[in-house]
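Data first, discussion second: the structure below is written as structure tokens.
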Amino acid sequence: MLGRIFTVGGYTLLSRLTGFARDIMLAAILGAGPVADAFFIAFRLPNHFRAIFAEGAFNAAFVPAYAHVHGEKGQASASLFADRVFTLLLASQVLLLILAWLFMPQVMSVLAPGFTDEPAQRGLAIDLTRITFPYLLLITLVTLYGGMLNVMQRFASAAAASIFLNIAMMATLAFAVFFPTPGHAAAWGVLISGFLQYFLLAGDLARHGGLPRFAPLRLDEDIRAFFGALGPATLGSMGTQVAMFADTIIATFLPAGAISALYYADRLNQLPIGVIGIAVGTVLLPEMSRRLTANDHAGAMEQQRRAFDFTLLFSVPFVAAFVAVPDVITRAMFARGAFTRGDAAAAGATLAAYAVGLIPFVLIRSAVSTFYARKDTATPVKASLTGLAVNVVLKLLLMGSLAQVGLALATAVGAWINLLLVLGFAAAKGYIEFNSAFRASLLKYAITGLALATVLWLTARFALTQFAGLGGLRDEAVLAVLIVVGAIVYAAAILGLFGPRWLRSLVRR
């Protein structure tokens, strides 16, 4: 499992790095004004649907079902099952696309009500969303193909696909002068990337398993079981995404730049979520499904505990950095061109608020795998909806005094409630055990993170003074120093508290 995690994580890291290059271009060209806010509405709308349905609910329902059919009934039955799901998926997405195109002004009134008093910004958001929305159809098919490949233990192409999003957007932004606005350039880059990702996954699947084809629709036992899991999985996947959606809606009532601050803070926060949390969860779900199909319940539980260890080991440094020095990070990454230091400060404060919930953000994908692998998509819904309810109430309470920082902080609190409830339900059902060794590890991680955050804060204060003469490059130089110092301190703390034997056993298990 470790090799597959590094495969997915490695490609996801490359995707995030190219994503940062893309965001640097976006910040420099779009800034954080009305055009940027309109584009981020257009960008977030299909991406929220993708995260709720395609990558979230669909994967949770399809991967265990496809693995079960493949393991119990053979390749022919699995192919027929995939064909029928493909037919239903394509038909539903085409219908959704047509409705979205026809009723986009009404949709925008619901999703960005704060733009009602800004006709020009509202019109721009509608135009850009009509360009980006077909991306959802393409990426949904990419998710289907990726799920099939993951069951075949092929993870590389699905993990690498999102790199094309960044490359395509950078290419169109480079020619932004030929578009009506830079927002139009970025929107067309999103759509072009959907086609590139589709052809990458379709080519890989065609070579190794065969593409799904249209098939007569029959609600046989496997399809009924799939839809029985898909409904609750959709509700469960909605928690975080509805919270983010609420951020977008509420932020349209805040001063210009709030949506952009949320976007750039979330992009940084998504680095560990994607590289660590999603990578581990992507590999863990088919692995647990395969072991449970073979009645290896002890092995499935062991793989989940191991996934928790990997996730925490690589996530703690990000939590420490985002809480201790968020302002340095956002200035070094984005404060250039049209994106001012004031914009970076707003994004940095938002990043620190998101970081409060980073641990549950990265762990939740692995935590719910124990339910999804057992085809229980209903139980996580209870936790997700409870966390969502608390989240939305806190947003309404905090938005007035803390603006977009309050929205991010509410999302973090909701994520903690979601995770703790999921773990509690899993422990009650006997799906997971928290022994004394695991509890001791949690304490060591907490001590390590606190020590690292303290060192980073002190180092940043010292380095900012020492590098004052570097002018525009000061923040970049300080960030480089923080990366080196942080890596040394964290490695020393882990070795000191856990010991080399623990690290070797983690890799060898």
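In terms of numbering that gives the first Met the number 0, the sequence shown is residues 0 to 508. Just so it is clear, CB atoms sit at the ideal spot from N, CA and C, and this is done for glycine as well.
* Asked: R289: which of S192, L199, T142, A66 sits nearest, CA to CA?
  -> On the sequence shown, residue 289 is found 290 positions in, with the first residue counted as 1. Measuring from the Cα of R289, the nearest candidate turns out to be A66.
* Asked: If we call anything under 8 Å between Cβ atoms a contact, is F226 one with G30?
  -> Taking the first residue of the sequence shown as position 1, residue 226 is located at position 227. Taking the first residue of the sequence shown as position 1, residue 30 is located at position 31. No, the pair does not count as a contact, with Cβ atoms beyond the cut-off.
* **Outcome for I138 when other beta-carbon atoms lying within 10 angstroms are tallied against a minimum of 16** => Against the sequence shown, residue 138 aligns to sequence position 139. By the 10 Å Cβ count, I138 comes out buried.
* Asked: Just how far apart, CA to CA, sit Q196 and Q303?
  -> Translated into positions along the sequence shown, residue 196 becomes position 197. Translated into positions along the sequence shown, residue 303 becomes position 304. Using only the alpha carbons, I get a separation of about 30 Å.
* Asked: Would you say A260 and A345 are within 8 Å of each other, going by their C-beta atoms?
  -> Translated into the one-based positions of the sequence shown, residue 260 becomes position 261. Translated into the one-based positions of the sequence shown, residue 345 becomes position 346. Going by C-beta atoms, A260 is nearer than 8 Å to A345.
* Expressed to the nearest angstrom, what Euclidean distance is found between the alpha-carbon atoms of T385 and F309? -> The count along the sequence shown starts at 1 and reaches residue 385 at position 386. The count along the sequence shown starts at 1 and reaches residue 309 at position 310. Cα atoms of T385 and F309: separation of roughly 27 Å, rounded to the nearest angstrom.
* Residue closest to I166, alpha-carbon to alpha-carbon, out of L148, F194, F178 -> Position 167 of the sequence shown, counted from the first residue, corresponds to residue 166. Taking only the C-alpha atoms, the option nearest I166 is F194.
* Who are the Cβ neighbours of T404 in its own chain at under 7 Å, not counting the five residues just before and after it? -> Position 405 of the sequence shown, counted from the first residue, corresponds to residue 404. Looking at the sequence shown, residue 404 is not Thr but Val. Excluding sequence neighbours, V404 sits near A348, T349, A352.
* Would you please state the rounded distance, in angstroms, between the beta carbons of L79 and A214? I believe it to be under 8 Å. => Working through the sequence shown from its first residue, we reach residue 79 at position 80. Working through the sequence shown from its first residue, we reach residue 214 at position 215. Right, their Cβ atoms sit about 7 Å apart.
* **Close Cβ partners of L441 (< 6 Å) along its chain, the five nearest in sequence each way excluded** => On the sequence shown, residue 441 is found 442 positions in, with the first residue counted as 1. For L441, where only same-chain residues beyond five positions count, there are no Cβ hits under 6 Å.
* Apply the 10 Å Cβ neighbour rule to I97 and answer buried if 16 or more other Cβ atoms are within range, or exposed otherwise. => Position 98 of the sequence shown, counted from the first residue, corresponds to residue 97. Label assigned to I97: exposed.
* Asked: Looking only at C-alpha atoms, which of F424, M168, E286, P118 sits nearest to D22?
  -> Start at 1 with the first residue of the sequence shown, and residue 22 comes out as number 23. Residue M168 is the option with its Cα nearest to D22.
* Return the residue from the list P63, A427, R364, A436 that minimises the CA-CA distance to A414. => On the sequence shown, residue 414 is found 415 positions in, with the first residue counted as 1. Out of P63, A427, R364, A436, R364 has the C-alpha closest to the C-alpha of A414.
* For S383, which of L396, V355, V367, M398 has the nearest alpha-carbon? -> As a first step, residue 383 must be located in the sequence shown, where it is residue number 384. Here the closest residue by C-alpha is V367.
* Hey, how far is the Cα of M103 from the Cα of S314? -> Along the sequence shown, one-based indexing puts residue 103 at 104. Along the sequence shown, one-based indexing puts residue 314 at 315. Between M103 and S314, the C-alpha separation is close to 39 Å.
* Measure the alpha-carbon distance for L143 versus A476 and round it to whole angstroms. => For the purposes of this step, residue 143 is taken as residue 144 along the sequence shown, with counting starting at 1. For the purposes of this step, residue 476 is taken as residue 477 along the sequence shown, with counting starting at 1. Their Cα atoms are separated by approximately 43 Å.
* 7 Å CB neighbourhood of S76 in its chain, flanking five on each side removed -> Stepping through the sequence shown from its first residue, residue 76 is reached at position 77. For S76, where only same-chain residues beyond five positions count, the Cβ hits under 7 Å are V68.
* Asked: Which residues in the same chain as G336 place their Cβ atom closer than 8 Å to its Cβ, once the five residues preceding and following it in sequence are excluded?
  -> On the sequence shown, residue 336 is found 337 positions in, with the first residue counted as 1. These residues qualify, in order along the chain: A26, A27, I28, G30.
* Asked: If you run the structure through DSSP and keep just helix, strand and coil, what is Q152?
  -> Stepping through the sequence shown from its first residue, residue 152 is reached at position 153. Q152 falls in the coil class under three-state DSSP.
* To do: Measure the Cβ-Cβ separation of T251 and A111 and say whether it is below 8 Å.
  => Residue mapping note: residue 251 aligns to position 252 of the sequence shown, counting from 1. Residue mapping note: residue 111 aligns to position 112 of the sequence shown, counting from 1. Yes; because the gap between Cβ atoms is below 8 Å, this pair is in contact.
* To do: Go through its chain and collect everything with a Cβ distance to I416's Cβ below 7 Å, but skip five positions before and after it.
  => Reading the sequence shown from its first residue, position 417 is the one you call residue 416. Closer than 7 Å at the Cβ level, and outside the excluded window around I416, lie T385, G386, V389.
* To do: Report all residues from its chain with a CB closer than 7 Å to the CB of L283; omit the five preceding and five following residues, and keep chain order.
  => Within the sequence shown, the letter at position 284 stands for residue 283. Hits under 7 Å: Q302, Q303, A306, S365, S368.
* Starting from the Cα of A297, find the closest Cα among F61, L16, I431 and give me that residue. => The residue given as residue 297 occupies position 298 in the sequence shown. With distances taken between Cα atoms, A297 lies closest to I431.
* Asked: Run through DSSP, which three-state label would V324 get?
  -> Taking the first residue of the sequence shown as position 1, residue 324 is located at position 325. Residue state, collapsed to three classes: coil.
* To do: Taking only heavy atoms of the ligand ZN into account, decide whether any of them is closer than 7 Å to the Cβ of G405.
  => This structure lacks the ligand ZN; in fact it carries no ligand of any kind.
* Cβ distance (whole Å) where G498 is taken to contact L455 below 8 Å -> The sequence position of residue 498 within the sequence shown is 499, counting from 1. The sequence position of residue 455 within the sequence shown is 456, counting from 1. Not really, about 24 Å apart at Cβ, beyond 8 Å.
* At which residue ranges does the region 183-267 contain complete alpha helix (DSSP H) runs of 4 or more residues, listed in the order of the chain? -> DSSP runs (the alpha helix (DSSP H)) wholly in the region 183-267: 220-250.
* Beta-carbon contacts of D246 that lie in its chain and below 6 Å, excluding the five residues immediately before and after -> Position 247 of the sequence shown holds residue 246. L261, L406, listed in sequence order.
* Residue span of the alpha helix (DSSP H) that contains V421, given as start and end -> Position 422 of the sequence shown, counted from the start, is the residue given in the question as residue 421. Looking at the DSSP string, the run of the alpha helix (DSSP H) that includes V421 is 378-427.
* To do: Would you grab the beta carbon distance between L451 and Y489 for me? Rounded to a whole angstrom, and I think it's under 8 Å.
  => Numbered from its first residue, the sequence shown carries residue 451 at position 452. Numbered from its first residue, the sequence shown carries residue 489 at position 490. Right, their Cβ atoms sit about 5 Å apart.
* Asked: Going by C-alpha distance, which of A184, A157, G9, R460 is nearest V327?
  -> Mapped onto the sequence shown, residue 327 falls at position 328. Among A184, A157, G9, R460, the Cα nearest to that of V327 belongs to R460.
* Is the beta carbon of L200 sitting closer than 8 Å to the one on S156? -> Along the sequence shown, read from residue 1 onward, the residue named residue 200 stands at position 201. Along the sequence shown, read from residue 1 onward, the residue named residue 156 stands at position 157. Yes, Cβ-Cβ distance for L200 and S156 is below 8 Å.
* Asked: Does DSSP put T509 in a helix, in a strand, or in coil?
  -> Nothing about residue 509 can be read from this structure; the chain reaches only from 0 to 508.
* Could you give the DSSP three-state label for V355: helix, strand or coil? => Taking the first residue of the sequence shown as position 1, residue 355 is located at position 356. Here V355 sits in coil by DSSP.
* To do: Measuring alpha carbon to alpha carbon, tell me which of L135, A41, V150, P33 ends up nearest E117.
  => The count along the sequence shown starts at 1 and reaches residue 117 at position 118. Selected option, being the one with the closest Cα: P33.
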